[in-house]
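See below for the structure under consideration.
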Amino acid sequence: MNHALAGRRRGTWTWLALLGATGFAWWLGGESVRARSAVPLLLALAVAKGVLVVREFMELRAAPARWQLLLVGWLVLVAALIGVAYYSGVR
Amino acid sequence: MSETFTKSMARNIFYGGTVFFFLLFLALTFDTQSVLPKRDNRAAITPAVVHGKNLWETNDCIGCHTLLGEGAYFAPELGNVYKRRGPDFIKAWIKAQPTHAEGRRQMPQFNFSDSDLDDLVAFLKYASEINTNHWPPNDEG
Amino acid sequence: MQFKSQAAAKPYFVAAIGLFVGQILFGLIMGLQYVVGDFLFPAIPFNVARMVHTNLLIVWLLFGFMGGAYYLVPEESETELYSPKLARAMFWVFLVAGALTILSYLAMPYARLAELSGNNIVQTMGREFLEQPLPTKAGIVVVALAFLFNITMTVLRGRKTAISSILLLGLWGLAIFFLFSFYNPSNLVLDKYYWWWVVHLWVEGVWELILGALLAFVLIKVTGVDREVIEKWLYVIITLTLITGIVGTGHHYYWIGTPEYWQWWGSVFSALEPIPFFAMTVFAFNMVNRRRREHPNRAATLWALGTGVMSFLGAGIWGFLHTLAPVNYYTHGTQITAAHGHMAFYGAYVMVVLTIISYAMPILRGRPCNSPRAQVVEMWSFWLMTISMVFITLFLTAAGILQVWLQRVSDTPLPFMVVQEKIGLFYWMREWTGVVFLVGLVVYVASFFIKGDERPA
Amino acid sequence: MAVDAAQLTSLQPVPATAADRRLPGDLAVWVFILAELLVFGVFFLSYAFTRAHHVAEFNSEQLTLNRAAGAWNTVLLLTASYCVYRAVAAARAGARSRIDLWLLAALACGAGFVVVKLGEYAAKLAAGISLSTSTFYMFYLSLTFFHFMHVLLGIVVLGVLWLRARAGAYGPANLNGLESGASYWHMVDLVWIVLFPLVYLLR
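Protein chains in written order, with the working numbering: chain W, 64 to 154; chain C, 33 to 173; chain P, 16 to 472; chain Y, 209 to 411.
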């Protein structure tokens, strides 16, 4: 049962990492931080969290590579275009 | 194949997804119903407008014209004709049909009474004052 | 034919084709009136020709759907039809009611018809596609209920397959959403809002279930691919259709007085509507490529593949062209809509009905398929009609683009009728292409009368 | 035998050969997930590019949102996802009794999300804010409500899984339904991970 135990631990660490990232993002999004400089960091955090969910919780780590590629690709593309939109909005 | 694909799962997702999106559509419809009083000019619906709409329908005007862009595309848009032409022109125009100009599109003579014409104009005026999000782009419709 | 009662389908198919011919003749009249405005005036004004054209389309497609159901359901359920007698009776009721309606459109002014048929009891007439007099509308409900009763009882009594349940769901949906045609408030915005619950939720909703079921049935028969495979993909495709199509109704709610947010909801969801059509095309080709037998009816296979491709082009691509709100702001209510409507109806619904007719009709006439010679003629008609429909669409699109430019986008917009004259050339080209379509249709009808050696090709 | 199978399927490290790689759950649910991600993606980008034309309006109205509620909801969804993950792991390990406990925990988190979200909506409603108030609020309400409905559907799915788990339906040899439902729930979580910073935080 060692593998199962390792899997559970891995899941727990993933969960804790996600919570930590959420807390950090919440602080970054607060009014004490200069909003513009937080944009790339917030997007990167969202992608990182998404990748964790996709790989660990959805278990696409162990699935045929194309599925991970599709979902991570969606995340990266959406985040990148959101970034583009934010900087195109700078005047 | 490294994937499981079962008919029962596909079926459940079909039924679940359909119900889900229909409920979403109903929720949006509910919101629309509550916002419409501010947009649809319902205060202007007088008995004349009601009768005008009835005349519009029983003479199948939609079979040639569009109204708010819906209908046939054979004759001009009439959702904004009240603004484009004004009441007197509309009445005179309807009375003068058909033109019998050779080779030109013809509009039938509907033999409306004067009060019918007033009601029809009232209906077109009401229609022209509906909030259509600035459509059409210009007066030509 | 596996079950004797499947023969109930035959008169439905014959009537469908007959009315189809009528629809095209009136289409040609309208097309000519676009350029020779006083053609047949005042005997047949444009609005009357248009009513006949569109109502015949709806009626013959319904005949096709019903015939398809009568053919398909006994075979799927592996049992005889609940009541072949009821099916025959309803055929005559529907045909007579339909014919009387069309004749009454032609025989008298519409206002007089409204008066005679009791429109002042429940005012439902005079709305696009729902022009039918009250007795006809009530008749449609009665026929639909009798038909649904017959089909449902058959399904309940026999084997339940995915195809028959999806078909049934589509047919029930068709009847239920038709009830909104009786709701006609004097508030124009509400009138239009719920008018789309008939029109849109039919053609971009429940009708697509019927389409999917008919297509899947024919694909199982002509390819021999495992039912399990075809049925699960059918579920996936119709799921995609409905999750995009239901909220996609919003693309009709941009400019009719409904709130602004529909521009977003409608654009987002209807932008994805091409996906299910694309999936259907891929699906049809895939199944034919994986076929386990060479079915002798090649014409039916051609129609099935054609349905996939043309519905993707007509409904998917031509729909997408003007579905986004910022584009639709300029194209709404122009010939662009007409272009899309023609190809979408032909590609999706006309072709699927011709698919099931092409597959079922030879069997109903006592042979597995038509003679090679008859099939060649039928395939000629396929190409003639399909290619001319592509060109009709292209010419109307060109007319529409010019119309949008001159009448809507330009800094000095021209009046509607001035623009119509400037784009007359495209209407002429559309009319001539329409004549080619009619030739194709004549060839199609002729293919039924070609004998020849009945040995499989 | 059953234990062997359980150990085999609970092997978490990446399988050695491509043939061992397996998509959890049913292909049908993954097609659905991809379609949903596409819809959300288009909606997100519509928000982002519309904002580019109304930066000032979006920035000021965004500050009226309850960021803390959004963050707490993120925590609730992530935790629910974790619980669902543990439920699947328990099913793989053949620990049937623990499947429904983890699912129940996930359901509780999901319910928490619903409560927080309804609180947020009630506050906005009381302030007279609706879909037609402004472009920003239109997007805020549309995006979060569309997601909210997904959470509700997810709760229904988890509820069904819970009932079936209690009836002993899931184990190492029968995972398809559980994995499919779990994948759907993770998708709801994944979408929120982008939605939360987009609508509540990015300025």
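C-beta atoms are modelled at their ideal positions from N, C-alpha and C, and glycine is treated no differently.
As the structure is a computational prediction, the values presented were derived from the model and not from experiment.
- Per DSSP, Y/Arg372 is one residue of the alpha helix (DSSP H) stretching across 343-374.
- Approximately 6 Å separates the beta-carbon atoms of P/Val204 and C/Leu68; this is inside 8 Å, confirming the contact.
- In the DSSP assignment, P/Asn304 falls within the alpha helix (DSSP H) that extends over 289-304.
- Per DSSP, Y/Cys291 is one residue of the alpha helix (DSSP H) stretching across 275-300.
- Y/Met346 has a beta carbon lying within less than 8 Å of a beta carbon in chain P.
- Taking a cut-off of 8 Å on C-beta distances, the region 443-453 of chain P does not touch the region 19-32 of chain P, as fewer than three cross pairs fall below it.
- From the beta-carbon of Y/Arg294, the residues of chain W found nearer than 8 Å are Arg71, Gly74.
- With a cutoff of 8 Å on beta-carbon distance, P/Gly272 and C/Asp72 are scored as near each other.
- Going by DSSP, P/Glu275 is part of no alpha helix (DSSP H) at all; its letter is neither H nor E.
- Listed in chain order, the beta strand (DSSP E) runs fully inside the region 89-144 of chain C amount to none, counting runs of at least 3 residues.
- At a beta-carbon threshold of 8 Å, none of the residues of chain Y lie near P/Thr273; the nearest stands roughly 11 Å away.
- With a 10 Å radius around the Cβ and a threshold of 16 neighbouring Cβ atoms, P/Met400 comes out buried.
- When C-alpha distances from P/Phe292 are compared across P/Ile252, P/Ile261, P/Gly265, the shortest belongs to P/Ile252.
- Shown here for P/Ile39: same chain residues with a beta carbon closer than 8 Å to its own, the five before and five after excluded, namely Gly449, Phe452, Leu453, Leu456 in chain order.
- For Y/His358 and Y/Val396, the gap between their C-alpha atoms comes out near 7 Å.
- For Y/Leu406, none of the residues of chain P pass the 7 Å Cβ criterion, the least Cβ distance being about 15 Å.
- For Y/Ile241, the enclosing alpha helix (DSSP H) stretches over residues 235-259.
- Close partners of W/Val116 in chain Y (Cβ separation under 7 Å): Ser289, His394, Asp397, Leu398, Ile401.
- A check of alpha carbon separations from Y/Arg229 across W/Trp89, W/Arg99, W/Pro127 identifies W/Pro127 as the nearest.
- When the five nearest sequence neighbours on each side are left out, the beta carbons in the same chain lying within less than 6 Å of the beta carbon of C/Leu99 are those of Leu110, Gly111, in order along the chain.
- Spatial neighbours of Y/Gly318 in its own chain (CB-CB distance under 7 Å, excluding positions within 5 residues in sequence) are listed in chain order as Ala288, Val359, Gly362, Ile363, Leu366.
- A distance below 8 Å separates the beta carbons of Y/Ser342 and Y/Glu269.
- Contact between P/Glu91 and P/Phe18 fails: their C-beta atoms lie close to 10 Å from each other, not under 8 Å.
- Residue nearest to Y/Cys291 within the set Y/Trp393, Y/Arg411, Y/Thr272, Y/Leu383 is Y/Trp393 (criterion: CA-CA distance).
- Taking a cut-off of 8 Å on C-beta distances, the region 425-435 of chain P does not touch the region 457-465 of chain P, as fewer than three cross pairs fall below it.
- Taking 9 Å as the Cβ-Cβ cut-off, the region 260-271 of chain Y approaches chain W at Ala260, His261, His262, Val263, Phe266, Asn267, Leu271, given in chain order.
- Under the three-state reduction of DSSP, P/Asn134 is assigned to coil, being neither helix nor strand.
- Within chain C, the residues Ile45, Gly49 have their CB atoms less than 8 Å from the CB of Y/Phe240, given in chain order.
- Under the DSSP assignment, P/Glu143 falls outside any alpha helix (DSSP H); it carries neither an H nor an E label.
- For the pair P/Met295 and P/Phe327, the CB atoms are nearer than the 8 Å cut-off.
- Excluding residues up to 5 positions away in sequence, Gly329, Met404, Ile407, Thr408, Leu411 lie with their Cβ nearer than 8 Å to the Cβ of P/His357 in the same chain.
- One Cα belongs to Y/Ala314, the other to W/Leu134, and the distance between them is close to 23 Å.
- Residues of chain W with a Cβ closer than 7 Å to the Cβ of Y/Gly249 are, in chain order, Trp137, Val141.
- With distances taken between CA atoms, Y/Lys332 lies nearest to Y/Thr272 out of Y/Ala297, Y/Thr272, Y/Ala295, Y/Glu244.
- P/Val391 and P/Trp248 have their C-alpha atoms spaced approximately 31 Å apart.
- For Y/Ser350, the nearest beta carbon of chain P is closer than 8 Å to its own beta carbon.
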